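Trainee: In terms of this note's numbering, the sequence shown is numbered consecutively and its last residue is 579.
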Amino acid sequence: MSSVCNDILQGIKYRDVFRAQYYINDLQNIAQQLTSQVEEFGCINIAGVLFVIMQHLADELDDMIMPIIAYEIHVHKCENNTLTPHERYRNFFIDSSKHSWTNVAREVIQKYPFIFTRITTFCLSTVENIKTCLNCLVKDRNDISNTLSVDANPVNLLEIHVSGSDRHQEGRTVILLTFQDKQKLVYKNCDSSVDQALQVFINLLDLSHPYDIKTRKFIKKNNYSWYEYIEHKSCNSMYEMRNYYKRSGSMLAVLDNLNYCDGHCENLIAHGEYPYLIDSETLFQNFPIDELEVQIGSLKQERSISFTGLIEKSDHIKKCDRTESCSAFQAAGYIKKIFQPRIINDHTDDIKVSFIRNENDIMADESSTEPIYTILQNAPCLDKQAYTIESFLDESIEGYMHTYQHIKNHAAVLLDGDNEFWCAIKKITSAREVIRTTLFYAMLVRRLQQPQFSANQEVARQYLEGYLQLHSSNLNSQLAECEINELLQLNIPYFTHQPSCKDLFMGDNGKCANYFKYSAMEQIHWNIEHASDIYCNRQIAILRNVIKPNPVITSHCPCYNCLED
Numbered sequence: 015m016s017s018v019c020n021d022i023l024q025g026i027k028y029r030d031v032f033r034a035q036y037y038i039n040d041l042q043n044i045a046q047q048l049t050s051q052v053e054e055f056g057c058i059n060i061a062g063v064l065f066v067i068m069q070h071l072a073d074e075l076d077d078m079i080m081p082i083i084a085y086e087i088h089v090h091k092c093e094n095n096t097l098t099p100h101e102r103y104r105n106f107f108i109d110s111s112k113h114s115w116t117n118v119a120r121e122v123i124q125k126y127p128f129i130f131t132r133i134t135t136f137c138l139s140t141v142e143n144i145k146t147c148l149n150c151l152v153k154d155r156n157d158i159s160n161t162l163s164v165d166a167n168p169v170n171l172l173e174i175h176v177s178g179s180d181r182h183q184e185g186r187t188v189i190l191l192t193f194q195d196k197q198k199l200v201y202k203n204c205d206s207s208v209d210q211a212l213q214v215f216i217n218l219l220d221l222s223h224p225y226d227i228k229t230r231k232f233i234k235k236n237n238y239s240w241y242e243y244i245e246h247k248s249c250n251s252m253y254e255m256r257n258y259y260k261r262s263g264s265m266l267a268v269l270d271n272l273n274y275c276d277g278h279c280e281n282l283i284a285h286g287e288y289p290y291l292i293d294s295e296t297l298f299q300n301f302p303i304d305e306l307e308v309q310i311g312s313l314k315q316e317r318s319i320s321f322t323g324l325i326e327k328s329d330h331i332k333k334c335d336r337t338e339s340c341s342a343f344q345a346a347g348y349i350k351k352i353f354q355p356r357i358i359n360d361h362t363d364d365i366k367v368s369f370i371r372n373e374n375d376i377m378a379d380e381s382s383t384e385p386i387y388t389i390l391q392n393a394p395c396l397d398k399q400a401y402t403i404e405s406f407l408d409e410s411i412e413g414y415m416h417t418y419q420h421i422k423n424h425a426a427v428l429l430d431g432d433n434e435f436w437c438a439i440k441k442i443t444s445a446r447e448v449i450r451t452t453l454f455y456a457m458l459v460r461r462l463q464q465p466q467f468s469a470n471q472e473v474a475r476q477y478l479e480g481y482l483q484l485h486s487s488n489l490n491s492q493l494a495e496c497e498i499n500e501l502l503q504l505n506i507p508y509f510t511h512q513p514s515c516k517d518l519f520m521g522d523n524g525k526c527a528n529y530f531k532y533s534a535m536e537q538i539h540w541n542i543e544h545a546s547d548i549y550c551n552r553q554i555a556i557l558r559n560v561i562k563p564n565p566v567i568t569s570h571c572p573c574y575n576c577l578e579d
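(1) Am I right that valine 473 and proline 81 are in contact with their C-beta atoms under 8 Å? What's the rounded C-beta distance?
(2) I'd like to check one pair, tyrosine 348 with leucine 396: are the Cβ atoms closer than 8 Å?
(3) From which residue to which residue does the beta strand (DSSP E) around leucine 324 run?
(4) Between which two residues does the beta strand (DSSP E) holding phenylalanine 509 run?
(5) Going by DSSP, which residues form a beta bridge with aspartate 363?
(6) How many angstroms separate the CA atom of asparagine 488 from the CA atom of lysine 531?
(7) Report buried or exposed for lysine 153, applying the criterion of at least 16 other Cβ atoms within 10 angstroms of its Cβ.
(8) Grab me the residues of glutamate 142's own chain with a C-beta within less than 8 Å of its C-beta, minus the 5 sequence neighbours each way, in chain order.
(9) Could you check what DSSP says for tyrosine 477 in three-state terms: helix, strand or coil?
(10) From glutamine 476 to asparagine 499, what distance separates their C-alpha atoms?
(11) For cysteine 571, write down the residues that DSSP places opposite it in a beta bridge.
(12) Where does serine 368 fall in DSSP's three states?
(13) Who are the Cβ neighbours of phenylalanine 460 in its own chain at under 6 Å, not counting the five residues just before and after it?
(14) At the level of alpha carbons, what is the spacing between valine 31 and histidine 70?
(15) Assuming lysine 260 and glutamate 404 make a contact with CB atoms under 8 Å, what is their CB distance in whole Å?
(16) Verify whether the separation of the beta carbon atoms of tyrosine 258 and proline 289 is less than 8 Å.
(17) Could you give the first and the last residue of the continuous beta strand (DSSP E) run that contains serine 50?
(18) Which same chain residues end up closer than 6 Å to glutamate 497 when comparing Cβ atoms and leaving out the 5 residues on each side of it in sequence?
(19) Do you know whose CA, among Asp432, Lys562, Ala84, lies nearest phenylalanine 406's CA?
(20) Check for me: the alpha helix (DSSP H) holding proline 465 runs from which residue to which?
(21) Output the distance between the C-alpha atoms of asparagine 433 and alanine 456, rounded to the nearest integer angstrom.
(22) Would you check if the distance between the CB atom of isoleucine 79 and the CB atom of tyrosine 36 is smaller than 8 Å?
(23) So, helix, strand or coil for histidine 175, using DSSP?
(24) Quick one: what's got a C-beta closer than 7 Å to asparagine 94's C-beta in the same chain, skipping five residues either side?
(25) Can you pull the DSSP bridge partners for leucine 190?
(26) At what residues does the alpha helix (DSSP H) containing phenylalanine 106 begin and finish?
(27) Count the other C-beta atoms from every protein chain shown that fall within 10 angstroms of the C-beta of arginine 446, then say buried if there are 16 or more, exposed otherwise.
(28) Helix, strand or coil, according to DSSP, for serine 16 in the structure here?
(29) Mind reading off the beta-carbon distance from isoleucine 44 to threonine 131? Whole number of angstroms is fine, and I expect it under 8 Å.
(30) Looking only at its chain, what residues have a beta carbon closer than 8 Å to the beta carbon of isoleucine 283, apart from the 5 residues adjacent to it on each side?
(31) Could you check whether alanine 342 and asparagine 281 sit closer than 8 Å to each other, using their CB atoms as the reference points?
(32) Counting pairs of beta carbons, one from the segment 211-220 and one from the segment 161-173, are three or more of them closer than 8 Å?
(33) Looking only at C-alpha atoms, which of Leu148, Ser207, Leu557, Asn490 sits nearest to leucine 191?
(34) Who are glutamate 447's beta bridge partners in DSSP?
(35) For asparagine 528 and lysine 516, which I take to be in contact (beta-carbon distance under 8 Å), what is that distance rounded to the nearest angstrom?
(36) Using a Cβ-Cβ cutoff of less than 6 Å, which residues in the same chain neighbour isoleucine 310 once the five nearest sequence positions on both sides are dropped?
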C-alpha cells in the first residue's frame, strides 16, 4: 500500500479503533483504487482530495455494523465488577492474555455474512461511481468550462464529496467536486431532459419581475449530467426578501401544474432573492389513479398544492410524529436526520444504538439521545437571520395568484402541441416515479442492518416480503420483487417512467406495461386546460389554512452561514 494511502487511512477519525478493524480492509481497497485513479490525473494533493470521502465512508460503515456489535457485546457481557465498563468493552475484542482478537469478536464476521457482504458491495459500488465521475470529468472538461464557467482541471481538484442524497441503482448518488478558488461542480446519474423541459416551460411563460423563476445551468450527457453548484446567499434588503417569497409563490404555481412531488427542505437553495430547485427529477410525476380521478372530477381525494411537498399540512406533520415541517417553504435552520443510528454509552459494555423516533419506526427506542441534525440552506436570510413563509404569506400568495392566472390566461399557447414544451416532454426517457416515500425505504434499509436480519439474506428477504405485503393495499408482485432486490443491496428502490406513456420502468428489471391509467403528459395537459379561478382560490385557502402568519419582524433562526460557523 502506498504512503499516500497510509496517510489517508491514518488521518481518518475512526469512531472506535476496535470496530474499525471490521471494515479497514474495505477502506484500504477504496483508498488504493481511488489513489491510483487520482494519480493518473496528476492531482497536486491526493490525500486532501480523498480525505473527506474516506472519512464519510468510515462513518457510513460504522453505522452499518453498530447494531450487531452492540447486540453481540450485550449477549457476551461479562459481569466483572473489578473492571471498568470501558475495560469490559475492550475485552470483548481483545484477549489480553494472548494479545490477540477474542474468538467472539472474530466470529462476528462469520455470524453475519449478509451484512458484511453488503458492506463490501457498498464500498465497491461507491468506488465505481466515483471513478466513473472522474473519467467523465476528464472527458467533459471543455464543456464544463464553456457552459458552467468552472475550470474543471483534474490537476486542481481539491475535494470529492459524496452528498447525503440517497443511494440508488448500484450505489449511485450525487457527487460534489471542489476545485481551486472554491469552484464547485455537481455530478448526477440522471437524465437532465427533465430540467430541460422545465426550463422550456418557464421560458414560454416569460414571467415578469419579480415573479420570474431561475433554474440552475446543466450539461446533459448520456445517462449522467453536470449541474451548476448553487450556494446559499443572503438577501441584501427586505425588498429582496419580499421578492424571494413572491417568486416562491410563483414557483409553487409552476411546480403544481407540472406535477412535482418532492419539495422537501433539502431540495431548495435560497440564493439571494431567488429560490432554486436543486432536484427536479420528480417533475412530471404520474400520480396514482385515485389522485388523478380527483383531478378530473371524483371526490375520493382532493388534489392540491400539498402534493408538491413545498408546504405541509399540520395533520401530516403529526402523522409523521414530528413537531415541525420539513417542507421547503416552512422549514429553516436544521432538521432531524431520520433513521440515523445514534450511539449511547459508546466504548463501554453498556453500549446501545437508538434511532430518531417516528410513529412508524419499528426500531424506536424510548431512551434515544439528542438526534443528529442537518443544517439547511432553503430559507432566505437577511442580517444573519433566516425567515420562513409565515412572515411573507401575502407575498407568496401574490406570486402564486399572478403565475397561476398567467398560466390560465396563456393556456392556448401552452397547450399548443407543436410548441417546444411538449416536444421537450416527449424527449424525456427517464423521469422518476415515486411509488413509496424515501423514508419508508430508508427505514427498511436500517431494519436490514439489525441483528435478526443481518445474518441471512433469505431471512431478510422473507421479512421484506411480509412487510411490503402488510403495508400495501394492492401489492404488485413484479414491483415488490424489484423493491426487495434493491433493498437487499441497501439501495433506495428507484422507479422511472416516460411522461408520454403509461408504463412504469424498474431499472434493469423490465417494466410494468400500462401501469398507469393516464400518462403524465395527459395529466399535465389537463392541469393547464382546466386551470380555473375555483382551483386557484382553493389553493389560496389551503395556504392560509396551513401557514399561520407572523409579522415580518419575526426572525426564526440564525441563517445557514451563521449555523455553519
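A virtual CB, placed ideally from N, CA and C, is assigned to each residue, including glycine. Small disclaimer: the values here were computed from a predicted structure and weren't measured.
Mentor: Looking at the atomic coordinates:
(1) Contact flag wrong, Cβ pair sits at about 15 Å.
(2) no
(3) Taken as a continuous stretch (DSSP letters only), leucine 324 belongs to no beta strand (DSSP E), as it is neither H nor E.
(4) 509-511
(5) Paired residues: none, contrary to the question.
(6) 15 Å
(7) exposed
(8) Glu184, Gly185
(9) helix
(10) 12 Å
(11) Ala400
(12) strand
(13) The displayed chain sequence assigns arginine, not phenylalanine, to residue 460. Phe353, listed in sequence order.
(14) 16 Å
(15) Rounded, the Cβ-Cβ distance is 15 Å, inconsistent with contact.
(16) yes
(17) First-last for serine 50: 38-54, but that is the alpha helix (DSSP H), not the beta strand (DSSP E).
(18) Pro507
(19) Lys562
(20) 465-468
(21) 40 Å
(22) yes
(23) strand
(24) Arg102
(25) His175, Val200
(26) 99-107
(27) buried
(28) coil
(29) 16 Å between Cβ atoms; not a contact.
(30) Ile244, Glu245, His246, Pro289, Tyr290, Ile292, Gln391, Asn392
(31) yes
(32) no
(33) Leu148
(34) Phe509
(35) 5 Å
(36) Unreliable positioning characterises isoleucine 310 in this predicted model, as indicated by a pLDDT of 38, which lies under 50. The coordinate reading is nonetheless provided below. Correct list: empty, nothing qualifies.
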